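K.L.:
Next up is a structure, given as structure tokens.
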Amino acid sequence: MSQEDQHPAQVEELNEEPANSEKVSKVKKGSRSEVLKEQLAVKDKEAKKELKRTSSLIRFKVGVAGKVGNSKLGKKALPPEVRALLKSFRTIVTKVCSSNKAKDIETLILKFIIKAKVHVDNKTITVEHLLQADKPLREAFETFAELFDFYGDAQVNRLVPKFKRVADLIRQVEKITVDIFSPHLRPKNLERLKSLFNFIADVDFYIQVWSHPDVYLELFLLVNSMNKYTQFHF
Numbered sequence: 067m068s069q070e071d072q073h074p075a076q077v078e079e080l081n082e083e084p085a086n087s088e089k090v091s092k093v094k095k096g097s098r099s100e101v102l103k104e105q106l107a108v109k110d111k112e113a114k115k116e117l118k119r120t121s122s123l124i125r126f127k128v129g130v131a132g133k134v135g136n137s138k139l140g141k142k143a144l145p146p147e148v149r150a151l152l153k154s155f156r157t158i159v160t161k162v163c164s165s166n167k168a169k170d171i172e173t174l175i176l177k178f179i180i181k182a183k184v185h186v187d188n189k190t191i192t193v194e195h196l197l198q199a200d201k202p203l204r205e206a207f208e209t210f211a212e213l214f215d216f217y218g219d220a221q222v223n224r225l226v227p228k229f230k231r232v233a234d235l236i237r238q239v240e241k242i243t244v245d246i247f248s249p250h251l252r253p254k255n256l257e258r259l260k261s262l263f264n265f266i267a268d269v270d271f272y273i274q275v276w277s278h279p280d281v282y283l284e285l286f287l288l289v290n291s292m293n294k295y296t297q298f299h300f
């Protein structure tokens, strides 16, 4: 009698071992997979909480910054050249349009300057992003400086081609700015940003300014501030 005949149960048991080992292996693999899934789910949940907390903190800072931007404290936080530019621009808008319009425009400009700083500080926007608008803004300022010599010209309409060039450059700045801020602004604030650029990039407004008899000093100071910007190289 062979050894297999003498121990049939043992042979059968030996034949079943690989199958049982495979089942145990699958169970272990399944367990590891479930553990990994749970760990990933926990990490994902924590990441979402952190993102929500960071977003809430940024919104809070932006909200506070907006309020500060409307105050004298907010203006004092700006560089002297920017303060001088805003002051001159507000006076010009007051004389050409109205004091209410001037206040609204200044408030919008201040809010977006402060918001930009908050986002840069929180690294949600980089300085490199903002510098994309430097080239068209610089050229617009340089063109304004050239046009200043023609303030009060009786034939102001001959300046229209240059005014249109400035408006086109400001529109380029608008596109870059909107692209940068779109992920970080609510729809209503995005519309406010666009309305600000609609006012600044208006050829008719430029004609009114160059035709106005009493904004020479303010325009000189405005262009002087623009020249300080163009003389600075990043």
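Take the working numbering: the last position of the sequence shown gets the number 300, and nothing is skipped along the way.
Note that CB positions come from ideal geometry on N, CA and C, so glycine has one too.
A quick note: this is a predicted structure, and the numbers were derived from the prediction, not measured.
Taking the beta carbon of Lys201 as the centre, do at least 16 other beta carbons fall within 10 Å, making it buried, or is it exposed?
P.N.:
Exposed, since its Cβ has fewer than 16 Cβ neighbours within 10 Å.
K.L.:
Just to confirm my understanding: we take Val226, look at its own chain, exclude 5 residues before and 5 after, and list those with CB closer than 8 Å. What are they?
P.N.:
Result list for Val226: Val269 and Ile273, in chain order.
K.L.:
Which whole-angstrom value is the C-beta distance of Leu283 and Val275, which I expect to be below 8 Å?
P.N.:
Rounded, the Cβ-Cβ distance is 13 Å, inconsistent with contact.
K.L.:
If Phe210 and Val289 are in contact, beta carbons under 8 Å, what's the gap, nearest whole angstrom?
P.N.:
Correct: roughly 6 Å between the Cβ atoms.
K.L.:
Is the region 206-221 touching the region 185-195 in the sense that three or more CB pairs, one from each, lie closer than 8 Å?
P.N.:
The region 185-195 vs the region 206-221: no contact.
K.L.:
Tell me whether the region 143-157 and the region 239-247 touch, counting them as touching only if at least three CB pairs, one residue from each stretch, are closer than 8 Å.
P.N.:
In short, these stretches do not touch, since the Cβ pair count stays below three.
K.L.:
Let's test the definition: count the other Cβ atoms within 10 Å of the Cβ of Phe247 and tell me whether it reaches 16, buried, or not, exposed.
P.N.:
Phe247 should be labelled buried.
K.L.:
Report the residue from Val232, Asn166, Pro146 and Ser165 whose alpha carbon sits nearest the alpha carbon of Leu203.
P.N.:
Of the listed residues, the one whose Cα sits closest to Leu203 is Val232.
K.L.:
So, for Lys167: in the same chain, excluding its five sequence neighbours on each side, which residues have a beta-carbon less than 7 Å away from its beta-carbon?
P.N.:
These residues qualify, in order along the chain: Val159.
K.L.:
May I have the straight-line CA-CA distance separating Leu176 from Lys230, to the nearest angstrom?
P.N.:
Between Leu176 and Lys230, the C-alpha separation is close to 26 Å.
K.L.:
Using only the alpha-carbon positions, how far apart do Leu144 and Met292 sit?
P.N.:
Answer to the nearest angstrom: the Cα atoms are 15 Å apart.
K.L.:
Considering only C-alpha positions, which residue in the set Tyr217, Arg258, Leu256 and Lys169 is nearest to Val281?
P.N.:
Taking only the C-alpha atoms, the option nearest Val281 is Tyr217.
K.L.:
So, for Arg252: in the same chain, excluding its five sequence neighbours on each side, which residues have a beta-carbon less than 8 Å away from its beta-carbon?
P.N.:
Contacts found: none.
K.L.:
Answer with buried or exposed for Lys181, where buried requires no fewer than 16 other C-beta atoms within 10 angstroms of its C-beta.
P.N.:
That one is buried.
K.L.:
Restricting to runs no shorter than 4 residues, where is the alpha helix (DSSP H) found entirely within the region 197-241?
P.N.:
Within the region 197-241, the complete alpha helix (DSSP H) runs of at least 4 residues are 200-214.
K.L.:
Does the beta-carbon of Glu172 have 16 or more other beta-carbons within 10 angstroms, so that it is buried, or is it exposed?
P.N.:
Per the 10 Å Cβ criterion, buried.
K.L.:
Decide if Ser164 is buried, meaning its Cβ has at least 16 other Cβ atoms within 10 Å, or exposed.
P.N.:
Exposed is the call here.
K.L.:
Put Val281 into one of helix, strand or coil per three-state DSSP.
P.N.:
Of the three classes helix, strand and coil, the one that applies to Val281 here is coil, per DSSP.
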